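Engineer:
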Amino acid sequence: ASLPFGALLYGMYRGKYRFRVLKYDLEFKDLPAGFHNYTITQISDIHSGSFDNRDKIAYGVSLINQQKSDVILFTGDLVNDRTVEMEPWKDLFASLSAPDGVYSVLGNHDYGDYYNWDTEEEKAQNLENLKKLQKEMGYDLLLNEHRYLEKRGDRIALIGVENWGRGGFKKAGDLDRATEGVRPEDFKILLSHDPSHWEDRVIHHDLHYHLTLSGHTHGMQFGIEIPGWVKWSPVKWRYKYWAGVYEELGQYINVNRGFGFLAYPGRVGIWPEITVIRLRKTGMS
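Going by our numbering, 35 is the number at position 44 of the sequence shown; the sequence numbering is gapless.
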């Protein structure tokens, strides 16, 4: 009995801030040559309302910047419920920077759906405040829309949808709206918070989404991962794609395990993650 109890205590006092950087190289035949060796840092599920140690969070943010990626992409859940939760941490996360900018999307918790608001107007204002806050932090929030990133005369489409989740989760994501004006032949990177969206809507969509970045699952903040041997968490019974890189029909998804934590104030075996993805064009060295 002492083993699981000790593990839970470790997760609460050390594991929740045991940040690790996971790096992947993904190769594509049709990646524009100008984006060969282009680097992306992905973070997800900050959940600022759960933080309790400024020094640890400052270290995690500095670790993100130390990756010196070309672009930083945040895939949702900035807060647990309310925009005010982010105020004490705003300056730290506003310090994130990359040559091609910081882009973000909303997660299911960002809408304030799990808080008992006095009025619907108060809830709606909270969401507007969160959008304004992200703008003040220097984040380009994509709300069912896209941008083009340019490098050495080439460009790729960066597409961001609002939250879309299977079951009772909010389904505000609109791929068709987000891709208006995007050409079928464009190389596409999609930001979509919930990986069930990729499974249910993206893989078989008319457009080919080369890379999707998601979060949401947290890897349940509990599991066992030994590279090359075992990768297990109870969350696998709910989400087929729950942590790491997967490939289907020539399309990739990375499910980030999350930067923060929610409910259980800790992590055991599934550590807080900063993902660095390097894009490579087949045949180029």
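We put the beta carbon where it would ideally sit given N, CA and C, even for glycine. As the structure is a computational prediction, the values presented were derived from the model and not from experiment.
Starting from the N-terminal side, write out each stretch of the beta strand (DSSP E) that is 3 residues or longer and does not extend beyond the stretch 128 to 167.
Structural biologist: Taking only runs of at least 3 residues, the beta strand (DSSP E) segments lying wholly in the stretch 128 to 167 are 130 to 132, 136 to 142, 145 to 151.
Engineer: Could you work out which residue in S187, A49, K179 is closest to D21 when comparing CA atoms only?
Structural biologist: Looking up residue 21 in the sequence shown gives position 30. Among S187, A49, K179, the Cα nearest to that of D21 is on K179.
Engineer: Can you give me the C-alpha to C-alpha distance between I55 and D109, rounded to a whole angstrom?
Structural biologist: Mapped onto the sequence shown, residue 55 falls at position 64. Mapped onto the sequence shown, residue 109 falls at position 118. Taking the straight line from one Cα to the other gives about 37 Å.
Engineer: On the CB-based measure, 16 or more other CB atoms within 10 Å of its CB, does H100 come out buried or exposed?
Structural biologist: To locate residue 100, count along the sequence shown from 1; it is residue 109. Per the 10 Å Cβ criterion, buried.
Engineer: From L285 to E111, what does the alpha carbon distance come to, in whole angstroms?
Structural biologist: For residue 285 there is no data in the structure shown, the boundaries of the chain being -8 and 276.
Engineer: Using the beta-carbon count (16 or more within 10 Å), is D36 buried or exposed?
Structural biologist: Residue 36 sits at position 45 when you count from the first residue of the sequence shown. So D36 counts as buried.
Engineer: Just to confirm the assignment, what range does the alpha helix (DSSP H) spanning S86 have?
Structural biologist: Taking the first residue of the sequence shown as 1, we reach residue 86 at position 95. Note, S86: premise wrong, no alpha helix (DSSP H); not H, not E.
Engineer: For K14, is the classification buried or exposed, using 16 other Cβ atoms within 10 angstroms of its Cβ as the cut-off for buried?
Structural biologist: As a first step, residue 14 must be located in the sequence shown, where it is residue number 23. Under this definition K14 is an exposed residue.
Engineer: To the nearest angstrom, how far is the alpha carbon of W80 from that of G274?
Structural biologist: Taking the first residue of the sequence shown as 1, we reach residue 80 at position 89. Taking the first residue of the sequence shown as 1, we reach residue 274 at position 283. If you take the alpha carbons of W80 and G274, they lie about 43 Å apart.
Engineer: For a test of the three-state rule: what should DSSP assign to D46, helix, strand or coil?
Structural biologist: Numbered from 1 along the sequence shown, position 55 holds the residue referred to as residue 46. Helix, per DSSP.
Engineer: Using a Cβ distance threshold of 8 Å, determine whether the stretch 169 to 179 contacts the stretch 55 to 69, with at least three qualifying pairs required.
Structural biologist: With a cut-off of 8 Å, the stretch 55 to 69 and the stretch 169 to 179 do not count as touching, because too few Cβ pairs lie within range.
Engineer: Who does I244 pair with in a DSSP beta bridge?
Structural biologist: Taking the first residue of the sequence shown as 1, we reach residue 244 at position 253. Answer is T203, Y237, bridged to I244.
Engineer: Checking 8 Å against the spacing of the C-beta atoms, do L(-1) and V259 come in under that value?
Structural biologist: Here residue -1 corresponds to residue number 8 of the sequence shown, with the count starting at 1. Here residue 259 corresponds to residue number 268 of the sequence shown, with the count starting at 1. It is a contact, given that the beta carbons lie within the stated cut-off.
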